[in-house]
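Here is the structure we will look at, set down as structure tokens.
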Amino acid sequence: MPMKFAPKNRQLLLERFEERDVPAVVSISLDPAGVLMIRADDTPTNVSVQHITVGVGAAAIRQYRVTHGTPLLNPRLFGAAAVRSIQFIGGSAADTFTASTARVPVNAMGNDGNDNLTGGLSASIIDGGPGNDTIRGGNWGTYYGQTGDDIITTGPGNDTIEGGPGDDTISSGAGNDEIFGGLDNDIIDSGDNNDRVLGGDGNDFIRGGSGNDRLEGNSDNDIIEGNAGDDFILGGLGNDFLHGDSGADTISGGSGADSITGGTESDTLDGDGENDTIDGEAGEDIIRGGAGNDTLRGGDDKDTIMGDDGDDTILGGFGNDRILGGNDDDTIDGEVGNDRIEGGAGNDTIHGIGADFILGGSGSDTLHGDFDNDTINGGTDTDALFGGNGDDWLVSIDDSGPDQMTGNDGRDIFWRDLISVGVGDAIQDFDAVRDFDNAVGSFATGMDRTLNGDRKAGPAFPAGLQTADFSANPLFPNSGPRGSDINQGAVGDCKVVSALSALARDTGPGEAWAIRRAMVDFGDGTYGMRLGGQFYRFDGILPLRAGSNSLPNYANLGPGNSIWVCLAEKGIALADQRVAGSPNYADLGSTGADEVFRFFGSATTGVPFLRRANNPDIPANDASGGYASAAALGADIVSRFTGPNPDYLTVSLGDSNDEVARANNQRTPGTLGRKFVVRHAYTVWNIVTDGAGGLTAVILRNPWGTDKGGTRLTYSDNNPVDALVRVTLAELYASKGRLNWGTRVV
74 MPMKFAPKNR QLLLERFEER DVPAVVSISL DPAGVLMIRA DDTPTNVSVQ
124 HITVGVGAAA IRQYRVTHGT PLLNPRLFGA AAVRSIQFIG GSAADTFTAS
174 TARVPVNAMG NDGNDNLTGG LSASIIDGGP GNDTIRGGNW GTYYGQTGDD
224 IITTGPGNDT IEGGPGDDTI SSGAGNDEIF GGLDNDIIDS GDNNDRVLGG
274 DGNDFIRGGS GNDRLEGNSD NDIIEGNAGD DFILGGLGND FLHGDSGADT
324 ISGGSGADSI TGGTESDTLD GDGENDTIDG EAGEDIIRGG AGNDTLRGGD
374 DKDTIMGDDG DDTILGGFGN DRILGGNDDD TIDGEVGNDR IEGGAGNDTI
424 HGIGADFILG GSGSDTLHGD FDNDTINGGT DTDALFGGNG DDWLVSIDDS
474 GPDQMTGNDG RDIFWRDLIS VGVGDAIQDF DAVRDFDNAV GSFATGMDRT
524 LNGDRKAGPA FPAGLQTADF SANPLFPNSG PRGSDINQGA VGDCKVVSAL
574 SALARDTGPG EAWAIRRAMV DFGDGTYGMR LGGQFYRFDG ILPLRAGSNS
624 LPNYANLGPG NSIWVCLAEK GIALADQRVA GSPNYADLGS TGADEVFRFF
674 GSATTGVPFL RRANNPDIPA NDASGGYASA AALGADIVSR FTGPNPDYLT
724 VSLGDSNDEV ARANNQRTPG TLGRKFVVRH AYTVWNIVTD GAGGLTAVIL
774 RNPWGTDKGG TRLTYSDNNP VDALVRVTLA ELYASKGRLN WGTRVV
């Protein structure tokens with residue numbers, strides 16, 4: 074049978090229930106302004122405010138229900154339309170306040186105690202007060218942890234969060250948030266979107282999330298991770314660990330021995346003071362060590378690395394890097410890629426893997442090119458240069474202390490000071506057959522041998538053209554000088570540039586040796602050329618094409634924006650002056666291919682007419698000019714083009730005899746003039762022979778870079794933009810032009 078309770082027992086049960094359900098709320102009220110005010114006393118309080126809907130459709134009633142106690146009882150109902158905001162004031166004990174469904178602003182103050190406070194769907198202002206509080210934000214708002222080890226989590230809106238003193242854990246959701254960690258050791262995750270985080274004092278851990286964040290550690294030893302987005306990260310005081318991760322980040326270590334890594338994209342990384350370790354990782358990074366003895370790694374891709382002050386260790390990593398050691402004694406290894414490395418002041422040790430440009434700067438440097446074709450310049454003071462494997466340029470021109478140069482393997486080119494008294498620069502392993510020595514006593518241009526960026530007026534050019542400095546461009550492309558680099562510009566110097574193309578013809582033996590041994594980048598914005606036994610030094614300033622701010626007026630830039638052809642024109646204009654003391658680019662139009670061959674070292678040259686018979690250009694009393702037959706012309710071309718040391722060959726292609734001269738120096742084209750660009754110089758690129766070895770045709774390269782430019786000539790082949798045209802022996806012999814040849818430089 075069922076158990077029955079005596080009245081006395083029923084009264085005891087009621088008393089126990091009332092003890093468990095002490096409301097601990099001083100008051101709940103709604104004032105005329107619509108403020109729903111909830112005040113707690115100094116005992117632990119549990120309050121819930123819910124937005125509810127009673128009924129459906131037109132009969133629906135929206136209310137706020139306030140319950141409190143443990144469990145939540147004692148409901149109070151308020152019409153939702155009358156409530157404009159909700160305010161909770163806690164007591165000195167551990168309070169719990171939840172208003173997660175509230176659709177009006179919520180203002181909650183926990184006061185003392187370890188409080189648990191939750192905002193609503195609208196704007197929230199929550200102040201935890203002293204104690205270890207847990208704060209959950211609404212959609213957006215302002216949150217204060219105050220003293221204590223607080224846990225603050227916010228919603229998707231734009232929040233402002235201050236942790237205050239204590240070891241706080243802060244996580245903001247999406248939105249553009251501002252977070253201040255305050256004192257002590259905080260853990261901060263700013264979430265998505267563009268946030269600003271200041272860790273404050275203490276050893277903080279800060280994570281940025283996606284978005285373009287500004288993350289600052291401030292004092293002590295912080296760990297900061299930018300994650301996705303283009304972040305700005307500042308370590309501040311202390312020995313910080315800073316990681317950008319994905320995105321193009323800007324990271325500054327501040328004071329302290331910091332560890333900085335860039336991440337996957339193109340970052341800007343600055344160690345600032347003390348002994349920092351920086352790794353750019355992937356992307357084209359800009360890295361600065363700042364003061365201190367730094368360890369800097371470029372990582373992948375094309376980086377710019379600056380050691381600044383201190384004895385730095387710099388590793389370029391992969392990619393074509395630019396490395397500046399700065400002051401003091403640096404150890405630099407360009408590693409993989411074609412790097413430009415400048416040691417700066419101090420006694421530096423530099424290595425490079427790849428086709429590197431190495432400039433020691435001031436101080437007694439030890440420079441190693443290691444692999445590939447390097448340019449190594451010791452700079453001022455007494456240096457030791459080692460070319461390593463590859464065909465290297467070793468430069469010790471500084472008009473100062475004696476340098477030691479060792480070419481090692483490969484075919485090396487030495488540029489050094491020639492002195493009449495005392496001990497000059499020394500070559501340790503010079504091979505007269507393999508290597509070449511440019512011992513410079515003086516430069517014909519009047520520049521001195523101190524490589525400090527001198528500037529001097531070059532050849533004249535038409536008035537009104539602007540100029541630009543191209544010294545940041547590579548002298549040669551990575552493939553080295555090649556005949557196909559030639560693309561003639563505005564001046565009518567086809568004989569000059571076709572000769573340059575012959576000197577650097579892609580398939581020619583010696584790998585453009587005549588060009589390579591005669592030209593060098595000094596690294597200070599000036600260049601050296603040896604022409605006809607004289608040395609010339611000039612800058613990289615070139616006239617620009619009218620209406621352009623990037624294209625030279627004369628020869629165009631080569632592969633990789635290389636400038637060797639442009640500078641060769643400048644040097645030849647300085648060397649081949651038609652009016653002494655007045656060099657002019659216009660004079661290049663009268664410089665012959667044979668003169669260019671001699672400038673670059675050909676011992677013997679010739680310019681015979683292509684045919685003798687019925688050639689109106691040959692004087693009647695000149696019995697030696699021209700070839701007597703097409704067979705004789707073909708045999709001579711085959712002989713000069715083949716063999717172990719073939720000659721350099723160009724053709725100045727004239728029109729055929731059926732060309733008709735008219736008034737005012739006009740002409741009606743003949744058979745050849747209707748098919749080819751005539752009165753124009755070409756490089757002999759290849760030959761075509763029959764089974765007996767007799768010449769049937771020549772392949773000529775047009776220095777314009779295309780077969781016939783924009784003209785309406787009848788010549789056509791399968792590739793009109795390779796600049797190669799096929800001319801039969803009969804057509805060649807019908808021309809009133811010349812064959813230009815020079816013996817090979819070996």
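Positions 74 to 819 (the numbering used here) are the ones given, in order, by the sequence shown. We put the CB at the ideal spot given by N, CA and C, even for glycine.
Please specify which runs of the beta strand (DSSP E), each continuous and at least 3 residues long, are wholly inside the stretch 228–254, giving them in chain order. 233–235, 242–244 and 251–253
Straight-line gap, R774 to V711 (C-alpha atoms, nearest Å): 17 Å
Based on the DSSP output, what are the partners of T368 in its beta bridges? T350 and T386
CA-CA distance, V95 and S263? The predicted model places V95 with a pLDDT of 44, which falls under 50 and marks its position as unreliable, so this point remains unresolved.
So, with DSSP's three-state summary, where would you put G130? helix
Using the Cα positions of I449 and L440, report the straight-line distance between them to the nearest angstrom. 7 Å
May I ask which residues mark the beginning and end of the beta strand (DSSP E) holding L802? Per DSSP, L802 belongs to no beta strand (DSSP E); it is in the alpha helix (DSSP H), L802 to A807.
Throw me the rounded Cβ distance for the G662 and V564 pair, which I believe falls under 8 Å. 6 Å
Just the C-alpha distance for W758 and L573, rounded to the nearest angstrom, thanks. 12 Å
Where L548 and E642 are concerned, what is the direct C-alpha to C-alpha distance, given to the nearest angstrom? 13 Å
Pop quiz: G553 and E584 are said to be a contact at Cβ under 8 Å. What is the actual Cβ separation, rounded to whole angstroms? 6 Å
Give the straight-line distance between the Cα atoms of A247 and P229, rounded to the nearest whole angstrom. 4 Å
Hey, out of G433, I492, G716 and G221, whose CA is closest to S515's CA? I492
My output table needs one value for T116: the three-state DSSP class, helix, strand or coil. coil
Quick check on P681: does DSSP put it in helix, strand or coil? coil
Going straight from the alpha carbon of G183 to that of D168, what length do you get? 7 Å
Of the residues N312, S283 and G281, which one's Cα is nearest the Cα of D295? N312
For the beta strand (DSSP E) that contains A754, what are its first and last residues? H753 to T762
Please determine, among I111, V129 and G163, the residue with the shortest C-alpha to C-alpha distance to R149. I111
Let me make sure I understand the geometry here. Which of D597, G644, V638 and N629 has the alpha-carbon closest to that of G605? G644
In three-state terms, what does DSSP make of V95? Reliability fails at V95, whose pLDDT of 44 lies under 50, so the model's placement of it is uncertain and the value that follows must be treated cautiously. V95 falls in the coil class under three-state DSSP.
CB D454 to CB G436, shorter than 7 Å? yes
Limits of the unbroken beta strand (DSSP E) element including R590: Counting along the chain, R590 falls outside any beta strand (DSSP E), and DSSP gives it neither H nor E.
Span separating the alpha-carbon of L617 from that of L640: 13 Å
Which two residues bound the contiguous beta strand (DSSP E) that contains I159? S158 to I162
For A541, which residues does DSSP report across the bridge? L615
How about A575 and T756: do their beta carbons lie closer than 7 Å? yes
At least 3 beta-carbon pairs within less than 8 Å: the stretch 336–350 vs the stretch 302–318: yes
Could you check what DSSP says for E668 in three-state terms: helix, strand or coil? helix
According to DSSP, which residues form a beta bridge with D343? S325 and R361
Could you give the DSSP three-state label for W466: helix, strand or coil? strand
Taking D293 as the reference, which of V751, G255, G654 and P532 has the closest Cα? G255
Report all residues from its chain with a CB closer than 8 Å to the CB of T801; omit the five preceding and five following residues, and keep chain order. T769 and A770
Proximity winner among V99, T744 and E357, relative to G164 (alpha-carbon distances): V99
Quick one: Cα of I359 to Cα of N411, how far? 17 Å
Please state whether DSSP places D660 in a helix, a strand or coil. helix
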